[in-house]
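Protein chains in written order, with this note's numbering: chain A, -14 to 173; chain B, 236 to 686.
Backbone N, C-alpha and C define an ideal beta-carbon position, used for all residues, glycine too.
Keep in mind that this is a model prediction, so the values were computed, not measured.
Here the structure is laid out as structure tokens; the discussion comes afterwards.
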Amino acid sequence: MPRQPDSTEEELIRQCATGDLKCQEILYKKFYGFAMGISARYSLNREDALEVVNDAFIKLFHTLHTYDQERPFRPWLSTLVIHTAIDRRRRELKYQSDLQPGQALMLMSSSDTIGHLQAAEILELLKLLPLLQATVFNLYEVDGYSHDEIGQLLGIAASSSRVYLTRAKEKLRKILSIIMHHERRSVR
Amino acid sequence: MSDDQLDDGFRDRVKEVFENYEDDSADEGWLLLREKYPAREQHDRAIFWWRFAGVAACLALLLFFYPAGRNKVVRRLTRTSGNSVKQIVAQQPMVSHAKAGSHAPIIQAAKQIVAQQPMASHIKAGSHAHISQQVQQQPQYVVSQSTPVPAKTNPQVVLNNPPVVNNPSAAVIIKNNQALLPKDSNATIYQSPVTALNNKTADTSHKKPEVTVSKSMLALFDKDVQTGNNKIVQKQAANNVVFGVYTASYVNYAKGSKAQFNNGGGLSVDIRISDRLSINTGILVAQNSLAYSGSTSGYPAPAEAFYSTNFPGLSNLAPSSSNQAVSLVNLDVPVNLTYQFNPQKGNTYFSAGLSSGTFINESYVTTYNYNVSQNNPEQLSQDDHHKSFDDFYFGQMLNLAFGVGYPLGKNKLVIEPFFKYPLGGLGDQHILFGSGGLNLKFNFGPSGIRK
Chain A
-14 MPRQPDSTEE ELIRQCATGD LKCQEILYKK FYGFAMGISA RYSLNREDAL
36 EVVNDAFIKL FHTLHTYDQE RPFRPWLSTL VIHTAIDRRR RELKYQSDLQ
86 PGQALMLMSS SDTIGHLQAA EILELLKLLP LLQATVFNLY EVDGYSHDEI
136 GQLLGIAASS SRVYLTRAKE KLRKILSIIM HHERRSVR
Chain B
236 MSDDQLDDGF RDRVKEVFEN YEDDSADEGW LLLREKYPAR EQHDRAIFWW
286 RFAGVAACLA LLLFFYPAGR NKVVRRLTRT SGNSVKQIVA QQPMVSHAKA
336 GSHAPIIQAA KQIVAQQPMA SHIKAGSHAH ISQQVQQQPQ YVVSQSTPVP
386 AKTNPQVVLN NPPVVNNPSA AVIIKNNQAL LPKDSNATIY QSPVTALNNK
436 TADTSHKKPE VTVSKSMLAL FDKDVQTGNN KIVQKQAANN VVFGVYTASY
486 VNYAKGSKAQ FNNGGGLSVD IRISDRLSIN TGILVAQNSL AYSGSTSGYP
536 APAEAFYSTN FPGLSNLAPS SSNQAVSLVN LDVPVNLTYQ FNPQKGNTYF
586 SAGLSSGTFI NESYVTTYNY NVSQNNPEQL SQDDHHKSFD DFYFGQMLNL
636 AFGVGYPLGK NKLVIEPFFK YPLGGLGDQH ILFGSGGLNL KFNFGPSGIR
686 K
């Protein structure tokens, strides 16, 4: 169930729409973590993620007067961040991880189970996937997009989206199995 | 642990971690955002002032040229009124008769007097020129002159009955006329008609009142002529500004775009500034569309080859081709200088000028084509971008046109081939585009024909 904006949040958004810079700063800082959490999964590094968040907020401040207060704010911001990240990626060709599974194991050796994976570890793990697979995984599994929506967003067929998701999951399973096996051996 | 459990476990962990993601660099992020954001604010302010300046300049141009055109007509008319009164009356017989009304006999008598005194017409001409000038300078005076006087109601009495001379209203008119006329010319003007009138009426006992009668009569006569002059002023002023409606059919062109047929329509205003020159302005709402197509992916060939070999998934993110459809509905305010080849006929002209304006609607639709796989060779994705009244362009389009007019009753049909050349990029994406085509104008009134 998406969280509805409370009255103070509504008031804050209304003030931001009028161009009140102080309110915009409060709104930015309030939702910065949330936006970074999304942006980080779609970006190459922290700097990239921060630029995506800032671009998304600039778009938000410019279009806030069109925002329907009846709709929940977080999903709207989430969509804005995701679209900004994907647009940025579509334009710029500056990615791919040099990490190898072995490096992932080094990173994750301190985590005993999946349930204890930290944000940085998850991000490193996702970087091991080809970009398109990671993007489809994030969109479908984490952000709740359908394959049709992913197809439209990325300009691919819905069937292709399914294929990329399957491949992403297979690869993640393989990596996680190696990690878990390594953990078990190190415990013994 | 099964595959599904592993998948679900990982997904839930990702959600959990990133839904409650915390980052303490919000302050740093805000400072970085402010580096971009104030620049945008200033940019917006600059756009506002740019738009404001553009609109102000257009208005200033209109206001500057419009009164200049009017004054020229008035001056021209003043020169025209330098001709004899008789000539003016002859030029406007209908106006004189219609407006003379009940004092037509007075005018008739005056005409007779003038005919008997050839010099009088010359002298009067000077005086009327003076009056005309003064009337133009003091239009409120003309209004006061039109107040009804007893002479109007009974002209016979004015001519033959001395007591009417003492009528205070008539005296006011005389006084007014004396104020208008130069002192020295006053005597010259009125002496001759008075003598003539005296001879006719054979009444020498009331010489002074007779002079007054003549003045009164001439005042009415002057008034009549002035009414005629005012009519001319109004008529000429009306001819000086001509309104029209027009439609435009044209082809849009731009580098890399296919030629597109489009239409538009608007209102035009011609403001005459001299015999041969006039300012043409108005407002035009026009559709402009452009279609671009590109077959390259947009990435360097070595990079494309590298990524397609090593990262097939990644290479799919790059579109194999893209098409862009641009649709711009603009509100155009042209300001052109028009040169008449033959002012007497006024049927051919050449005009050149600049256009300013804004875009009512800008639509940029980019379609990306992706070669996804062997089985699914091509997929489409669309990127829509719309804007309205986002920017004001000032003098960014050069207009050139040649027009040929054909009279249609009192109005005029003008066929005007035109060409618009861009001097700068227009719209949100600063596209250099122009157009060429044909305007079909319908001007109300006989524009461009000098009488």
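**Request:** Reducing DSSP to helix, strand and coil, say where B:ASN577 ends up.
**Result:** Position 342 of the second sequence, counting from 1, holds the residue named residue 577 of chain B. Coil, per DSSP.
**Request:** Count the C-beta pairs between the stretch 20 to 30 of chain A and the stretch -5 to 9 of chain A that are closer than 8 angstroms, then say yes if the count reaches three, no if not.
**Result:** no
**Message:** Looking at chain B, is there any beta carbon in it that lies within less than 8 angstroms of the beta carbon of A:ALA2?
**Reply:** As a working note, residue 2 of chain A is residue 17 in the first sequence. Chain B, which has no Cβ nearer than 8 angstroms to the Cβ of A:ALA2, makes this no.
**Neighbour list for A:ARG26 in chain B, Cβ cutoff strictly below 8 angstroms** = Counted from its first residue, the first sequence places residue 26 of chain A at position 41. In chain order: VAL249, PHE253.
**Message:** What does the alpha-carbon distance come out to for the pair B:ASP239 and B:VAL249?
**Reply:** Numbered from its first residue, the second sequence carries residue 239 of chain B at position 4. Numbered from its first residue, the second sequence carries residue 249 of chain B at position 14. So the alpha carbons of these two residues sit roughly 15 angstroms apart.
**Item:** Distance between beta carbons of A:ASN39 and B:LEU266, contact taken as under 8 angstroms
**Value:** The residue labelled residue 266 of chain B in the question sits at position 31 within the second sequence. The residue labelled residue 39 of chain A in the question sits at position 54 within the first sequence. The pair is not a contact, with the Cβ atoms about 10 angstroms apart (cut-off 8 angstroms).
**Message:** Does any residue of chain A have a CB that is nearer than 8 angstroms to the CB of B:ASP510?
**Reply:** The sequence position of residue 510 of chain B within the second sequence is 275, counting from 1. No, B:ASP510 lies away from the interface with chain A (no Cβ there is under 8 angstroms from its Cβ).
**Asked** Using a C-beta to C-beta distance shorter than 8 angstroms, which residues of chain A count as neighbours of B:ALA261?
**Response** Counting from 1 along the second sequence, the entry for residue 261 of chain B is found at position 26. Chain A residues near B:ALA261: TYR13, LYS14, TYR17, GLY18.
**Message:** Given this structure, state the Cα-to-Cα distance separating A:ILE(-2) from A:LEU150, to the nearest angstrom.
**Reply:** Counting from one through the first sequence, the residue named residue -2 of chain A turns up at place 13. Counting from one through the first sequence, the residue named residue 150 of chain A turns up at place 165. The alpha-carbon atoms of A:ILE(-2) and A:LEU150 are separated by roughly 36 angstroms.
**Request:** Flag A:ILE107 as yes if its beta-carbon sits less than 8 angstroms from any beta-carbon of chain E, otherwise no.
**Result:** Going by chain labels, chain E is absent from the structure shown, which instead holds the protein chains A and B.
**Integer Cβ distance of A:ALA153 from A:LEU110, believed to fall under 8 angstroms** = Taking the first sequence and counting its residues from 1, one reaches residue 153 of chain A at position 168. Taking the first sequence and counting its residues from 1, one reaches residue 110 of chain A at position 125. In fact, because the Cβ distance is near 11 angstroms, the residues do not count as touching under 8 angstroms.
**Item:** In DSSP terms, what B:ILE666 is bridged to
**Value:** As a first step, residue 666 of chain B must be located in the second sequence, where it is residue number 431. According to DSSP, which records beta bridges pairwise, B:ILE666 is partnered with B:LEU661.
**Other residues of its chain near A:ASP128: CB distance less than 8 angstroms, five sequence neighbours each side excluded** = Counting from one through the first sequence, the residue named residue 128 of chain A turns up at place 143. Here the set comprises ILE23, SER63, ILE67.
**Request:** Alpha carbon to alpha carbon, how far is B:GLN631 from B:LEU675? Give it in angstroms, no decimals.
**Result:** Locating residue 675 of chain B in the second sequence gives position 440, where the first residue counts as 1. Locating residue 631 of chain B in the second sequence gives position 396, where the first residue counts as 1. So the alpha carbons of these two residues sit roughly 23 angstroms apart.
**B:GLU597 vs B:ASP567 beta-carbon contact at 8 angstroms** = In the second sequence, residue 597 of chain B corresponds to position 362, counting from 1. In the second sequence, residue 567 of chain B corresponds to position 332, counting from 1. No, Cβ-Cβ distance for B:GLU597 and B:ASP567 is not below 8 angstroms.
**Item:** A:THR(-7), buried or exposed, once every other Cβ within 10 Å from all chains shown has been counted against 16
**Value:** To locate residue -7 of chain A, count along the first sequence from 1; it is residue 8. That one is exposed.
**Asked** Can you check whether the CB of A:LEU124 is closer than 8 angstroms to the CB of A:MET135?
**Response** Counting from 1 along the first sequence, the entry for residue 135 of chain A is found at position 150. Counting from 1 along the first sequence, the entry for residue 124 of chain A is found at position 139. This sequence places Ile at residue 135 of chain A; Met is not what is there. A contact, by the Cβ cut-off of 8 angstroms.
**Request:** Determine, using beta carbons only, whether B:ASN498 and B:ASN523 come nearer to each other than 8 angstroms.
**Result:** Translated into positions along the second sequence, residue 498 of chain B becomes position 263. Translated into positions along the second sequence, residue 523 of chain B becomes position 288. No, they are not a contact pair.
**Asked** From A:SER28 to B:VAL600, what distance separates their C-alpha atoms?
**Response** Numbered from 1 along the first sequence, position 43 holds the residue referred to as residue 28 of chain A. Numbered from 1 along the second sequence, position 365 holds the residue referred to as residue 600 of chain B. Rounded to whole angstroms, A:SER28 to B:VAL600 spans 26 angstroms at the Cα level.
**Asked** Hey, how far is the Cα of A:SER146 from the Cα of A:LEU138?
**Response** Within the first sequence, numbered from 1, the residue matching residue 146 of chain A stands at position 161. Within the first sequence, numbered from 1, the residue matching residue 138 of chain A stands at position 153. Distance between the alpha carbons of A:SER146 and A:LEU138 is about 11 angstroms.
**Asked** By a C-beta neighbour count over all protein chains shown, 10 Å radius and 16 as the cutoff for buried, is A:LEU65 buried or exposed?
**Response** By one-based count along the first sequence, residue 65 of chain A stands at place 80. By the 10 Å Cβ count, A:LEU65 comes out buried.
**Request:** Would you verify that the beta carbon of A:LYS7 is, or is not, closer than 8 angstroms to some beta carbon of chain B?
**Result:** To locate residue 7 of chain A, count along the first sequence from 1; it is residue 22. Closer than 8 angstroms: no.
**Prompt:** Got a sec: is the Cβ-Cβ distance from B:LYS622 to anything in chain A below 8 angstroms?
**Reply:** Position 387 of the second sequence, counting from 1, holds the residue named residue 622 of chain B. No - not a single Cβ of chain A is within 8 angstroms of the one on B:LYS622.
**Prompt:** DSSP three-state call for B:PRO652: helix, strand or coil?
**Reply:** For the purposes of this step, residue 652 of chain B is identified with residue 417 of the second sequence, where counting begins at 1. DSSP places B:PRO652 in strand when its eight states are reduced to three.
**Request:** Determine the closest residue to B:ASP258 out of A:GLY4, A:GLN103, A:PHE19, with distance taken between C-alpha atoms.
**Result:** Indexing the second sequence from 1 puts residue 258 of chain B at position 23. Of A:GLY4, A:GLN103, A:PHE19, the residue nearest in Cα terms is A:PHE19.
**Own chain, CB closer than 7 angstroms to A:GLN0, minus 5 neighbours either side, in chain order** = Numbered from its first residue, the first sequence carries residue 0 of chain A at position 15. Excluding positions up to five away in sequence, the list reads CYS8.
**Request:** Taking B:LYS571 and B:GLY640 to be in contact with their CB atoms under 8 angstroms, please state how far apart those CB atoms are, rounded to whole angstroms.
**Result:** What you label residue 571 of chain B is simply residue 336 of the second sequence in a count that begins at 1. What you label residue 640 of chain B is simply residue 405 of the second sequence in a count that begins at 1. The sequence shown places Asn at residue 571 of chain B, not Lys. With 8 angstroms as the limit, B:ASN571 and B:GLY640 do not qualify as a contact, their Cβ atoms being about 15 angstroms apart.
**C-alpha gap between A:ASP133 and A:GLU126, whole angstroms** = By one-based count along the first sequence, residue 133 of chain A stands at place 148. By one-based count along the first sequence, residue 126 of chain A stands at place 141. Spanning the two alpha carbons is a distance of roughly 14 angstroms.
**Message:** Applying the 10 Å Cβ sphere with the 16-neighbour rule, what's the burial state of B:VAL486?
**Reply:** Counting from one through the second sequence, the residue named residue 486 of chain B turns up at place 251. Exposed, by the Cβ-count rule.
**Asked** Since B:ILE518 and B:ASN565 are thought to touch, with beta carbons under 8 angstroms apart, how far apart are those beta carbons, to the nearest angstrom?
**Response** On the second sequence, position 283 is the one that residue 518 of chain B refers to. On the second sequence, position 330 is the one that residue 565 of chain B refers to. Rounded, the Cβ-Cβ distance is 11 angstroms, inconsistent with contact.
**Message:** Just checking: is the beta-carbon of B:ASP242 within a distance shorter than 8 angstroms of some beta-carbon in chain A?
**Reply:** Position 7 of the second sequence, counted from the start, is the residue given in the question as residue 242 of chain B. It does; some Cβ of chain A falls within 8 angstroms.
**Request:** Could you name the residues of chain A that B:GLU257 contacts, counting a contact when the two beta carbons are closer than 7 angstroms?
**Result:** Within the second sequence, the letter at position 22 stands for residue 257 of chain B. Those are GLY18, listed as they occur along chain A.
**Prompt:** Does DSSP classify B:SER492 as helix, strand or coil?
**Reply:** One-based indexing of the second sequence puts residue 492 of chain B at position 257. In this structure, B:SER492 counts as strand in the three-state DSSP scheme.
**Message:** Strictly under 8 angstroms for the Cβ-Cβ distance: is B:LEU268 near chain A by that measure?
**Reply:** Against the second sequence, residue 268 of chain B aligns to sequence position 33. So yes, B:LEU268 belongs to the interface.
**Nearest neighbour of B:LEU294, chosen from B:GLY638, B:ILE650, B:PHE629, B:HIS665 [CA to CA]** = Here the question's residue 294 of chain B lines up with position 59 in the second sequence. Nearest option by C-alpha distance: B:PHE629.
**Asked** Which residue or residues does DSSP assign as beta-bridge partners of B:ALA295?
**Response** Position 60 of the second sequence holds residue 295 of chain B. Paired residues: none, contrary to the question.
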